[in-house]
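Data first, discussion second: the structure below is written as structure tokens.
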Amino acid sequence: MPHTIDAALAEALETLKEVSTNTLTTQLYKRGMSSMFINGVHPLSPGAGRLVGLAYTLRFLPKREDKMAAVSNSSPDYPQRRAVAECPPDYVLVIDARGEATTATLGDILMTGLQARGCAGVVTDGAMRDTEAMVALDYPIFCAGAAAKNSHITHYASELDVPVACGGAAVFPGDVIVGDADGVVVFPPEMAVELATQGAEQELLETFIQEHVAAGAPVAGSYPPNDETRAKYEDWKRLRQT
Numbered sequence: 000m001p002h003t004i005d006a007a008l009a010e011a012l013e014t015l016k017e018v019s020t021n022t023l024t025t026q027l028y029k030r031g032m033s034s035m036f037i038n039g040v041h042p043l044s045p046g047a048g049r050l051v052g053l054a055y056t057l058r059f060l061p062k063r064e065d066k067m068a069a070v071s072n073s074s075p076d077y078p079q080r081r082a083v084a085e086c087p088p089d090y091v092l093v094i095d096a097r098g099e100a101t102t103a104t105l106g107d108i109l110m111t112g113l114q115a116r117g118c119a120g121v122v123t124d125g126a127m128r129d130t131e132a133m134v135a136l137d138y139p140i141f142c143a144g145a146a147a148k149n150s151h152i153t154h155y156a157s158e159l160d161v162p163v164a165c166g167g168a169a170v171f172p173g174d175v176i177v178g179d180a181d182g183v184v185v186f187p188p189e190m191a192v193e194l195a196t197q198g199a200e201q202e203l204l205e206t207f208i209q210e211h212v213a214a215g216a217p218v219a220g221s222y223p224p225n226d227e228t229r230a231k232y233e234d235w236k237r238l239r240q241t
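This is the structure:
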């Protein structure tokens with residue numbers, strides 16, 4: 000598929016950098032989409048910041064000795080190595096590891112290659128190795144844990160840029176990926192502008208409610224907001240804009 004980002008999508012992605020996965024999960028649920036959260040993955044380094052980009056996918060299958068014999072796992076033609084060389088800038092490499100977290104999917108040198116290409120980050124329902132060095136990269140990496148075993152001990156990298164399963168969620172090439180301290184959410188790019196706009200509005204409302212409750216307002220009537228609280232919110236917004 001083409002790996003281009005038009006102006007409207009680029010603007011939405013920028014806005015989504017300020018919208019939490021909690022808010023996006025709520026917005027998606029309101030639209031009947033309840034299976035868009037990638038389960039069991041966490042930021043390897045919480046200080047590396049949020050992750051926002053489009054999905055470029057790599058699928059791992061269980062190891063097959065005959066397939067592994069056909070191409071070396073260190074060959075430039077091996078799909079894992081191709082993923083590092085071909086993942087476009089501003090895209091997120093999403094690795095389907097079948098939830099197998101006893102073996103790593105990438106090490107620090109390959110991760111450095113992705114960072115140097117300008118890729119937005121990495122998400123996998125598998126593990127990483129060289130994690131101390133990865134943390135030092137200050138790069139958004141979301142995974143299911145750490146493991147010293149090399150990927151080829153358990154995995155066979157089979158395909159690139161195809162639909163995959165990651166943490167129980169279906170991820171299609173070009174999907175929007177957003178990650179933060181609470182995890183990773185995925186949704187189609189056609190929803191990006193709407194979710195960015197309404198997600199940002201929800202974030203602003205909840206900022207007001209947080210301040211409102213902290214100032215002594217009761218939770219009842221504030222969260223969710225009743226008509227009186229909403230009127231106070233509109234006044235608060237107007238004051239912010241002056």
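Note that the sequence shown covers residues 0 to 241 in numbering that gives the first Met the number 0. Every residue gets a Cβ at the ideal spot worked out from N, C-alpha and C, and that includes glycine.
At which residues does the beta strand (DSSP E) containing residue 117 begin and terminate?
-> Careful: residue 117 lies outside any beta strand (DSSP E) and carries neither H nor E.
Less than 8 Å between the CB atoms is what I'm expecting for residue 243 and residue 2, so what's the real figure, rounded?
The structure shown does not extend to residue 243, since the chain is modelled only from 0 to 241, so the question has no answer here.
Discussion item. Would residue 94 and residue 57 qualify as a contact pair, given that the criterion is a beta-carbon distance under 8 Å?
Written reply: Contact: yes.
Can residue 119 and residue 91 be called in contact, C-beta distance under 8 Å? Yes, they are a contact pair.
Fill in: Burial state of residue 19 (16 or more Cβ within 10 Å)
Burial check for residue 19: the Cβ neighbour count within 10 Å reaches 16 or more, so the residue is buried.
Discussion item. Between 17, 172, 179 and 199, which has its C-alpha nearest residue 186's C-alpha?
Written reply: For the options 17, 172, 179 and 199, the alpha carbon positioned closest to that of residue 186 is the one of 172.
### Beta-carbon spacing of residue 166, residue 39 below 8 Å
Yes, they are a contact pair.
- prompt: Got a sec, what are the start and stop residues for the alpha helix (DSSP H) residue 211 sits in?
  reply: Where residue 211 is concerned, the enclosing alpha helix (DSSP H) starts and stops at 191-213.
**Asked** To the nearest angstrom, how far is it from the Cα of residue 235 to the Cα of residue 228?
**Response** Put simply, the backbone Cα of residue 235 is about 10 Å away from that of residue 228.
- Message: Tell me which residues share the same chain as residue 249 and place their Cβ nearer than 7 Å to its Cβ, disregarding the 5 neighbours each side in the sequence.
- Response: In this structure the chain extends from 0 to 241, so residue 249 is not present and cannot be described.
Assuming residue 182 and residue 37 are in contact, meaning their beta carbons sit under 8 Å apart, how far apart are those beta carbons, in whole angstroms? Distance from residue 182 to residue 37 at the Cβ level is roughly 6 Å; contact confirmed, criterion being Cβ atoms closer than 8 Å.
Worksheet item: Does the Cβ-Cβ distance between residue 24 and residue 198 come in under 8 Å?
Response: Contact: no.
### Query
Can you check whether the CB of residue 232 is closer than 8 Å to the CB of residue 223?
No, Cβ-Cβ distance for residue 223 and residue 232 is not below 8 Å.
| message | Judging by CA-CA distance, which residue of 158, 128, 189 and 211 is the nearest neighbour of residue 7? | response | It is 189.
Quick one: complete alpha helix (DSSP H) runs, 4+ long, within the region 52-119?
Annotation: the region 52-119 contains the following complete segments of the alpha helix (DSSP H) (minimum length 4 residues), in chain order: 64-69, 78-85 and 107-116.
Leaving aside the five residues before and after residue 76 along the sequence, list all residues of the same chain whose C-beta is less than 7 Å from its C-beta, in chain order. Within its own chain, the residues whose Cβ lies closer than 7 Å to the Cβ of residue 76, once the five positions on either side in sequence are excluded, are 70, listed in chain order.
> What's the C-alpha gap between residue 97 and residue 33?
Replying inline: Taking C-alpha positions only, residue 97 is separated from residue 33 by approximately 20 Å.
query: For the putative contact between residue 47 and residue 140, defined by C-beta atoms under 8 Å, what is the C-beta separation to the nearest angstrom?
result: So it is a contact: roughly 7 Å between Cβ atoms.
Top-ranked residue by Cα proximity to residue 151, from 9, 59, 54 and 15: When only C-alpha atoms are compared, the closest one is 59.
request  = Could you tell me which of 157, 66, 200 and 142 sits nearest to residue 121, measuring between CA atoms?
outcome  = A check of alpha carbon separations from residue 121 across 157, 66, 200 and 142 identifies 142 as the nearest.
Exercise. Are residue 111 and residue 125 closer than 8 Å when you measure CB to CB?
Worked result: Contact annotation: residue 111 and residue 125 have beta-carbon atoms that are not nearer than 8 Å.
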